[in-house]
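Worksheet: the structure to be examined is printed underneath.
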Amino acid sequence: MSIDLETAAKVAKLARIAVPQDALPALANEFNTILGFIEQLNEVDVEGVEPMTSVTPMRLKRREDVVSDGNQQAAVLSNAPDAREGFFAVPKVVE
Amino acid sequence: MMTDLNKLTIAEARDALRKGDVTSVELTEACLAAVEGAGALNAFVHHTPEIARAQAAAADARIAKGDAPAMCGIPLGIKDLFCTKGVPSQAASRILQGFRPEYESTVTQNLFDAGAVMLGKLNMDEFAMGSSNETSCYGNAVNPWRRGNDEAALTPGGSSGGSASAVAADLCLGATGTDTGGSIRQPAAFTGITGIKPTYGRCSRWGIVAFASSLDQAGPMTKTVRDSAIMLGAMCGHDPKDSTSADIPVPDFEALLTGDIRGKVIGIPREYRMEGMPAEIEKLWSDGADMLRAAGAEIRDISLPHTKYALPAYYVIAPAEASSNLARYDGVRYGHRAKLSQGDGITEMYEKTRAEGFGSEVQRRVMVGTYVLSAGFYDAYYNRARRVRALIKRDFDEAFAAGVDAILTPATPSAAFGLGEMTDADPVQMYLNDVFTVTVNLAGLPGIAVPTGLDGKGLPLGLQLIGRPWEEGDLLNTAYALEQAAGFVAKPAKWW
Chain A
12 MSIDLETAAK VAKLARIAVP QDALPALANE FNTILGFIEQ LNEVDVEGVE PMTSVTPMRL
72 KRREDVVSDG NQQAAVLSNA PDAREGFFAV PKVVE
Chain B
22 MMTDLNKLTI AEARDALRKG DVTSVELTEA CLAAVEGAGA LNAFVHHTPE IARAQAAAAD
82 ARIAKGDAPA MCGIPLGIKD LFCTKGVPSQ AASRILQGFR PEYESTVTQN LFDAGAVMLG
142 KLNMDEFAMG SSNETSCYGN AVNPWRRGND EAALTPGGSS GGSASAVAAD LCLGATGTDT
202 GGSIRQPAAF TGITGIKPTY GRCSRWGIVA FASSLDQAGP MTKTVRDSAI MLGAMCGHDP
262 KDSTSADIPV PDFEALLTGD IRGKVIGIPR EYRMEGMPAE IEKLWSDGAD MLRAAGAEIR
322 DISLPHTKYA LPAYYVIAPA EASSNLARYD GVRYGHRAKL SQGDGITEMY EKTRAEGFGS
382 EVQRRVMVGT YVLSAGFYDA YYNRARRVRA LIKRDFDEAF AAGVDAILTP ATPSAAFGLG
442 EMTDADPVQM YLNDVFTVTV NLAGLPGIAV PTGLDGKGLP LGLQLIGRPW EEGDLLNTAY
502 ALEQAAGFVA KPAKWW
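Protein chains in written order, with my numbering: chain A, 12 to 106; chain B, 22 to 517.
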């Protein structure tokens with residue numbers, strides 16, 4: 012399995028990270044090194060083994076389905092790069 | 022008044038505080054002065070002296086009233102990965118520049134409830150992704166240890182590099198760390214201190230910036246095993262805000278430190294005997310086994326057949342979880358947002374923000390994670406890695422079922438290396454640092470690194486003990502016996 016420039020660009024797009032065109036060859040190269048390392052997993056016989064979902068055999072706790080918190084608009088917005096009139100502000104999303 | 026208060030262990034300071042020989046204010050001032058004089062180590066990246074002095078005064082008042090839990094009045098450093106209310110908490114990343122949490126992580130809250138004092142926030146690899154503290158947006162943390170008279174700056178390890186450096190240099194009495202693949206144990210070994218990663222679920226992850234949620238655990242980094250026992254007890258416990266936090270009692274870990282390990286079975290896994298392992302590490306390991314045998318333990322050769330596949334499985338699972346966890350850094354709710362050009366829409370905002378905000382190692386892991394989770398590859402990579410993870414855990418389960426109480430391995434494949442020495446190596450070379458520690462995260466087990474010797478250049482080396490799930494008490498006791506037998510007392514000569 013080898014990652015070409017097109018795949019590297021597609022992965023960057025999926026990850027929402029801008030990667031300049033001239034950085035793609037080095038990136039593809041690093042992907043290939045890491046994926047080459049990961050390929051070893053194909054040597055393992057995993058027939059009949061369930062993928063692990065929880066490392067400790069515990070049942071996840073459930074809480075009451077009730078409102079537990081709220082009315083913290085100022086705290087929620089306090090770290091926003093751009094907050095206006097009680098909302099997060101972002102560039103235009105809909106044309 | 023005692024001298025060099027910053028050099029005390031937590032246990033010594035606690036006893037002196039209770040006797041009235043020293044105050045928390047005095048301890049705290051000694052540590053603040055030590056931090057002030059240690060800029061060259063770049064361990065502390067956000068200083069909180071006002072908070073420290075207020076907490077110290079409050080601790081002294083508590084102690085005066087006779088209400089003094091073990092951690093009361095003890096000055097600590099806090100890894101930058103922990104959200105601390107009103108104090109910068111940016112996981113050593115540019116993308117969280119300026120972020121001041123409106124809430125406190127459960128672990129730091131537990132420590133503060135016990136009366137602990139926060140001196141400031143500690144350097145680390147960005148988002149805890151690294152083994153040398155070289156991916157930090159704050160620059161490298163530096164190891165207080167040097168190779169003899171060689172002035173070359175060495176790594177304190179990573180990702181909890183600032184924590185390790187600060188504790189080893191006596192800037193604080195203990196520090197919090199986190200460990201996803203070895204990030205407490207490897208830096209502890211590189212700096213001659215003790216660090217324990219408890220069982221997955223022992224410490225609440227709430228308020229700790231997430232890297233790989235099924236692997237992340239917090240733990241203490243301290244000068245001695247006893248201190249780890251004391252500090253771990255204050256950090257852990259059930260937390261309704263973390264659904265994977267275990268609702269089981271926390272024993273008095275310190276009370277379990279008897280040093281008596283007669284009859285305990287210590288496994289030596291043959292798969293950890295790596296090709297090309299330095300003779301010094303080999304000798305450290307067999308010396309450690311001899312020490313435990315001399316203390317009355319039975320040493321038994323065991324097999325953990327899937328060990329070889331732990332690192333490749335980790336480098337699927339951890340990036341996959343990271344790509345999901347780090348999706349939240351989008352420039353909308355907190356942290357950095359890129360300056361946009363005319364006509365840029367929301368997609369450009371995401372892409373530019375994340376390109377500017379994430380360093381190269383974080384970008385690499387997020388993209389690898391994105392790839393292994395993408396349509397068509399999910400089964401081949403992610404599901405296969407989770408199956409291999411189940412087999413790795415089964416190896417440990419079978420060893421424990423056969424009567425093994427703890428497993429002894431080297432903590433790292435080498436002593437601390439020079440900062441910059443790995444710059445030209447491919448990423449996989451750096452990943453090999455975690456070869457002995459990463460299995461423990463995949464299996465959710467407790468693991469502890471204990472310093473037991475020096476290499477030929479005078480650098481500390483550590484051994485790792487791996488315990489049964491939830492039996493940190495027993496593990497700490499075995500580590501205590503090893504610590505007693507090894508008698509490691511070396512300290513780095515002060516140059517900073």
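Even glycine gets a Cβ: it sits at the ideal position worked out from N, Cα and C.
Cβ pair residue i, residue j closer than 8 Å
| i | j | result |
| --- | --- | --- |
| Gly198(B) | Ser181(B) | yes |
| Val46(B) | Ala91(B) | no |
| Gly240(B) | Gly258(B) | no |
| Gly380(B) | Glu123(B) | no |
| Gly94(B) | Leu140(B) | no |
| Arg206(B) | Ala506(B) | no |
| Tyr221(B) | Val66(A) | yes |
| Phe42(A) | Val389(B) | yes |
| Thr44(A) | Asp447(B) | yes |
| Glu301(B) | Asp476(B) | yes |
| Phe274(B) | Glu493(B) | yes |
| Trp517(B) | Pro70(B) | no |
| Ala32(B) | Arg247(B) | yes |
| Trp227(B) | Asp268(B) | no |
Chain B contact for residue i (CB, 8 Å cutoff)
| i | result |
| --- | --- |
| Gln84(A) | no |
| Asn43(A) | no |
| Leu35(A) | no |
Beta-carbon contacts of residue i that lie in its chain and below 6 Å, excluding the five residues immediately before and after
| i | result |
| --- | --- |
| Arg489(B) | Phe421 |
| Leu117(B) | Gln111 and Gly356 |
| Phe99(A) | Ala91 |
| Lys28(B) | Asp191 |
| Pro472(B) | Gly213, Pro481, Gly483 and Phe509 |
| Pro340(B) | Arg386, Val389 and Gly390 |
| Ser234(B) | Glu342 |
Same chain only: Cβ atoms within 7 Å of residue i, ignoring 5 sequence neighbours per side
| i | result |
| --- | --- |
| Val459(B) | Gly202, Gly203, Ala331, Leu332 and Tyr335 |
| Ala162(B) | Leu62, Asn63, Ala64, Asn144, Asn154, Pro177, Gly182, Gly183 and Ser186 |
| Cys193(B) | Cys52, Pro96, Leu97, Gly98, Leu140 and Ala187 |
| Arg410(B) | Ala334, Ile338 and Leu463 |
| Gly107(B) | Arg121 |
| Asp322(B) | Ile289 and Arg291 |
Minimum C-alpha distance to residue i - residue among the options
| i | options | result |
| --- | --- | --- |
| Leu25(A) | Gly494(B), Ala401(B), Tyr392(B) and Leu466(B) | Tyr392(B) |
| Val461(B) | Leu277(B), Asp101(B), Phe417(B) and Asp400(B) | Phe417(B) |
| Gly483(B) | Gly213(B), Leu26(B) and Arg167(B) | Gly213(B) |
| Val425(B) | Gly364(B), Ile287(B) and Ala502(B) | Ile287(B) |
| Arg168(B) | Ala437(B), Asp311(B) and Arg74(B) | Ala437(B) |
| Leu412(B) | Arg385(B), Gly465(B) and Leu429(B) | Gly465(B) |
| Tyr371(B) | Val188(B), Gly479(B) and Ala348(B) | Ala348(B) |
| Val510(B) | Ser345(B), Thr24(B) and Thr30(B) | Thr30(B) |
| Gln51(A) | Ala406(B), Pro96(B), Ser345(B) and Asn346(B) | Ala406(B) |
| Lys142(B) | Ala174(B), Lys414(B), Thr328(B) and Ala73(B) | Ala73(B) |
| Met150(B) | Asp81(B), Leu496(B) and Gln384(B) | Gln384(B) |
| Lys103(A) | Lys244(B), Gln363(B), Phe457(B) and Lys285(B) | Gln363(B) |
| Ser435(B) | Gly479(B), Thr245(B), Gly41(B) and Asp200(B) | Gly479(B) |
| Pro467(B) | Lys329(B), Ala196(B), Ala250(B) and Glu303(B) | Ala250(B) |
| Val22(A) | Leu486(B), Thr374(B), Leu394(B) and Phe457(B) | Leu394(B) |
C-beta neighbour in chain A for residue i, strict 8 Å
| i | result |
| --- | --- |
| Gly465(B) | yes |
| Ser344(B) | yes |
| Gly203(B) | no |
| Met252(B) | no |
| Thr391(B) | yes |
| Phe379(B) | yes |
| Glu296(B) | no |
| Ser307(B) | no |
| Val353(B) | yes |
| Asn404(B) | yes |
| Met92(B) | no |
Same chain, Cβ closer than 8 Å to residue i, five either side skipped, listed in chain order
| i | result |
| --- | --- |
| Ala39(A) | Ile14, Asp15, Leu16, Thr18 and Ala19 |
| Asn498(B) | Leu277, Leu278, Thr279, Gly280, Asp281 and Ile282 |
| Ala34(B) | Leu26, Val43, Leu48, Gly94, Ile95 and Leu194 |
| Thr328(B) | Pro290, Glu292, Tyr293, Ile413, Asp416 and Thr460 |
Closer than 7 Å: residue i CB and nearest the ligand MN heavy atom
| i | result |
| --- | --- |
| His68(B) | Of the ligands one can find in the structure shown there are none, so the ligand MN has no counterpart to examine. |
Report task. Output, in sequence order along the chain, the residues in the region 14-30 of chain A whose CB is closer than 9 Å to any CB in chain B. Result -> Ile14, Thr18, Ala19, Lys21, Val22, Ala23, Lys24, Leu25, Ala26, Arg27, Ile28, Ala29 and Val30
Query raised in the report: Any residues in the region 89-103 of chain A with a beta carbon nearer than 8 Å to a beta carbon of chain B? Which ones, in chain order?
Result: Ser89, Asn90, Ala91, Pro92, Asp93, Phe99, Val101, Pro102 and Lys103
Query raised in the report: Looking at chain B, which residues of the region 46-61 of chain A have a Cβ within less than 7 Å of any of its Cβ atoms?
Result: Phe48, Ile49, Gln51, Leu52, Val55, Val57, Val60 and Glu61
Query - Proximal residues, the region 68-81 of chain A versus chain B, C-beta separation under 7 Å - result: Met69, Leu71, Lys72 and Arg74
Query - the region 310-339 of chain B: positions lying closer than 8 Å to chain A by Cβ - result: His327, Lys329, Tyr330, Leu332, Pro333, Ala334, Tyr336 and Val337
Query raised in the report: Just by C-beta distance, which residues in the region 117-146 of chain B are closer than 7 Å to chain A?
Result: Phe120, Arg121 and Glu123
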